[in-house]
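These notes are about the structure you will find just below.
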Amino acid sequence: MKIVIITGSSRGLGASAAIECARGGLGVVVTYNGSPDKAEEVVKTIAQSGGKAVAVKLDVCDTSSFPAFRDAVAAELEAVWRRRDFDYLVNNAGYGLFNPIASVTEEQFDGLFNVHLRGPFFLTQLLAPLMADGGHIINITSATTRVATSGVAPYAAFKGGLEVLTRYMAKEFGGRGIRANSIAPGAIRTELGGGLNDEFEAMLAGQTALGRVGEPDDIGGVVASLLSSDNRWINAQNIEVAGGYNI
């Protein structure tokens, strides 16, 4: 059984991706930070469908906690799957902040940087030795890297950095047969950034060719599909999944 680690998968599109990956036959390591109960709900949902999943705590902002996370994952791999490695990593954990450049504080800037760029960089670095050759890294970026949206400059800038980092991951890990791609969601109905109010949602839907905002399952299915062998020749790409946002 192939195994995927999905960061921030206790809710939202991460939870959807975990469930879809399990439906596709993958074992799943669900990670959470402040919502262990929600993570266990995802694990239970997967188990009820005949899949295998475990939940492990991870604070993507705190790189000092990464070695303990790696060790916890290694223990779960051995105990649940009788393996010493895993196959896929999805760097999904994140949060939003709506604030114009003029009023962004250094603390807000650093927080977004840590979770959206610094965290994925050093987590991938630390987990790479545990990843099996022929694996796959997916980084969740954002359509805001293509379409400038007032109020999300730091978030979009770091997601843009993650998009570039994806290509470098593909380049540097390619010798091991490890692919790296990024998925850029458009507006999704999740709790990210406090969610969408009716007025904002209507505006975003009006800017989308398919006439609505996305749902977590619109992204979760793409994550699972991209990890499948059907897409084995897709590498170093950023794939926007946004229903035709601002075209």
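Residue numbers (numbering that gives the first Met the number 0): 0 to 246.
No residue lacks a Cβ here, since even glycine has one placed at the ideal position from N, Cα and C.
All of these numbers come straight from a predicted model, not from anything done at the bench.
9 Å Cβ cutoff met for glutamate 19 and glycine 219
Yes, the pair counts as a contact, with Cβ atoms nearer than the cut-off.
To the nearest angstrom, report how far apart alanine 235 and histidine 135 are at their CA atoms.
Rounded to the nearest angstrom, the two C-alpha atoms are 11 Å apart.
What does a CB cutoff of less than 8 Å around glycine 133 pick up in its chain, not counting 5 residues either side in sequence?
Asp86, Arg175, Gly176 and Ile177, listed in sequence order.
Straight-line Cα distance separating leucine 25 from serine 15
Going by the C-alpha atoms only, they are around 14 Å apart.
Take the Cβ of glycine 49 as the centre, count every other Cβ of all protein chains shown within 10 Å, and call the residue buried at 16 or more, exposed below.
Glycine 49 comes out exposed.
Residues bridged to threonine 184 [DSSP beta-bridge criterion]
A quick correction: the sequence has proline, not threonine, at residue 184. Looking at the DSSP assignment, proline 184 forms a beta bridge with Val240.
In the DSSP assignment, what residue or residues form a beta bridge with arginine 178?
Assignment of beta-bridge partners to arginine 178 by DSSP yields His135.
Between the beta-carbon of isoleucine 4 and the beta-carbon of valine 72, is there less than 9 Å?
Isoleucine 4 places its beta carbon less than 9 Å from that of valine 72.
With a cut-off of 8 Å, do at least 3 Cβ pairs link the stretch 34-47 to the stretch 115-127?
Flag = no, the stretch 34-47 and the stretch 115-127 do not touch.
I'd like the list of long-range same chain contacts for serine 9, defined as Cβ closer than 7 Å, with 5 residues on each side in sequence excluded.
Excluding the 5 residues flanking it on each side, serine 9 has same chain C-beta neighbours closer than 7 Å at Val29, Tyr31, Ser34, Lys37, Ala38 and Val41, in chain order.
Return the CA-CA distance between threonine 189 and threonine 144, expressed in angstroms with no decimal places.
Whole-angstrom Cα-Cα distance: 19 Å.
Based on the DSSP output, what are the partners of glycine 213 in its beta bridges?
Bridge partners of glycine 213: Ile187.
Alpha carbon to alpha carbon, what distance is there between lysine 170 and proline 128?
C-alpha separation (whole angstroms): 16 Å.
Using the beta-carbon count (16 or more within 10 Å), is methionine 202 buried or exposed?
Under a 10 Å Cβ-count criterion, methionine 202 is classified as exposed, with fewer than 16 other Cβ atoms of the shown protein chains found around its own Cβ.
For proline 66, which of Leu125, Thr165 and Asp229 has the nearest alpha-carbon?
With distances taken between Cα atoms, proline 66 lies closest to Leu125.
Given a cut-off of 9 Å on the beta-carbon distance, is the pair proline 99 and serine 149 in contact?
The Cβ-Cβ distance between proline 99 and serine 149 falls below 9 Å.
Pairwise C-alpha distance: valine 151 and leucine 161
Valine 151 has its alpha-carbon roughly 15 Å from the corresponding atom of leucine 161.
Measure the C-alpha to C-alpha separation of valine 103 and proline 153 and round it to an integer number of angstroms.
Rounded to whole angstroms, valine 103 to proline 153 spans 8 Å at the Cα level.
Mapping DSSP to helix, strand and coil, what is leucine 226?
Helix, per DSSP.
Between threonine 62 and leucine 122, is the Cβ-Cβ spacing less than 9 Å?
Threonine 62 is a Cβ neighbour of leucine 122, given a cutoff of 9 Å.
Rounding to the nearest angstrom, what Cα-Cα distance links alanine 74 and alanine 92 in this structure?
Computed Cα separation, rounded: 22 Å.
Return the first residue and the last residue of the beta strand (DSSP E) that leucine 88 is part of.
Unbroken beta strand (DSSP E) run through leucine 88: 85-90.
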